[in-house]
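> Residue 355, in our numbering, is where the sequence shown stops; the numbers in between run on with no holes. Glycine included, C-beta positions come from ideal geometry on N, C-alpha and C. These figures come from a predicted structure and were not determined experimentally. Structure incoming, see below.
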Amino acid sequence: MQITDIRLTRTHEADALSARLGGFECRYVLPPGAVANASGDAFLAAGLLAAMAMDEPLELDPAYTASPDLLEGLHRLQEIFVGWVPELKRIAISARAAPPPPARPGAVAFFSGGADSLYTFIEQQEDVAQAIHIRGFDYRRELRALGQEIDSRNRTFVEGRGRTLIIAESNLRDLYDALRVHVFVYHGCHLASVALAIGHARVYVPSSFPWATMLPWGSHPLTDPLWGNGAVRFIHHGSAAGRADKLRRIGEDPEALGLLRVCPGFETYSCGVCEKCLRTRVALRLLGLQSPNLSPLDSVRPVLRMHIDSDRSRANWAENHRLARATGDRALERAI
């Protein structure tokens, strides 16, 4: 996979950063002035797992440069991902090395309005000056009405805390969908790519799992720091807290609880019936909390009908089971 034609177009309306990743045009659209690094770093991060999936060398056009720290990290990332995902292959990487541009001062955090990102934002809001939301990351960017609702609600919350929300639109998901690489595998490189383009010194990446149930995952405490380029440093945050711990902390903040979005990309803000919505409704009931985005769980029948088919879901339901036992909710304990 050759990375060519890196272009940054600035207008008073937006920054558009794009490159050819083989036959795919990867394109990011960000607020005016948001892009601080238009070197090859962002697109090497974007293309690594795609090249590994295609078993092709990753080659950056010599007209552009890449950070030596990132190039070293890409080799270490390959060691980890080939151990986790046998379909991915070790590949050669070629790029002209040069120091990255200086980082912007301060910290940013990725922000979706979900439990993980809300927890990180609340816990680190004294350090975080800006939050980054990516359209086309956890829901398809073609869902314009949903995207507008999410943008509006996220902006109101973040700006209400005196912080700035950076909204980036990305089409990288299209490449990985075409290659049949699951979002749970590539999402860490997606986050890293956008953050490297924006170029803040510290980037908080909200954790998906607590230490006790850590699984191979696209964003992981082993992998996230390796995307750094010497100027931008990635911090995997929140693994000391389980899902219920995060919801309990969010529940202390009524505005955060009112924003909470957990649905994985359907056409409504939260459907309330998918596996992720249901286990969140269960946790909220056990914690004595209520979000306006999810109806209260008044019956255990939906739990009895639920099919759990992934290690991540099993880990979260096991946490709910322990919480049901601890709180004395025998009906939910038996149902889970």
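(1) Cα separation between valine 48 and valine 319?
(2) Name the one or two DSSP bridge partners that cysteine 45 has.
(3) Could one say the Cβ of leucine 194 lies closer than 8 Å to chain B's Cβ atoms, at least one of them?
(4) Using DSSP with H/G/I as helix, E/B as strand and the rest coil, what is histidine 326?
(5) Taking the CB atoms as reference points, tell me whether tryptophan 35 and isoleucine 22 lie closer together than 8 Å.
(6) So who's on the other strand from tyrosine 223, going by DSSP bridges?
(7) Where arginine 180 and alanine 111 are concerned, what is the direct C-alpha to C-alpha distance, given to the nearest angstrom?
(8) Pairs of beta-carbons, one from the segment 261 to 281 and one from the segment 244 to 252, closer than 8 Å: are there three or more?
(9) In terms of DSSP beta bridges, what is threonine 183 paired with?
(10) Measuring alpha carbon to alpha carbon, tell me which of Lys108, Glu294 and Val147 ends up nearest proline 124.
(11) How many whole angstroms separate the CB atoms of glycine 257 and aspartate 157, which I take to be in contact at a CB cut-off of 8 Å?
(12) With a 10 Å radius around its C-beta and 16 neighbouring C-beta atoms as the bar for buried, classify leucine 323 as buried or exposed.
(13) Is the beta carbon of leucine 191 sitting closer than 8 Å to the one on alanine 65?
(14) Give me the residue from Pro244, Gly59, Asp60 and Tyr223 with the minimum Cα distance to arginine 95.
So, from the data block:
(1) 44 Å
(2) Ala38
(3) Annotation note: the requested chain B is absent from the structure, which comprises a single protein chain.
(4) coil
(5) This sequence places alanine at residue 35; tryptophan is not what is there. No; because the gap between Cβ atoms is not below 8 Å, this pair is not in contact.
(6) Ala128 and Ile254
(7) 45 Å
(8) no
(9) Gln149
(10) Val147
(11) Rounded, the Cβ-Cβ distance is 16 Å, inconsistent with contact.
(12) exposed
(13) yes
(14) Pro244
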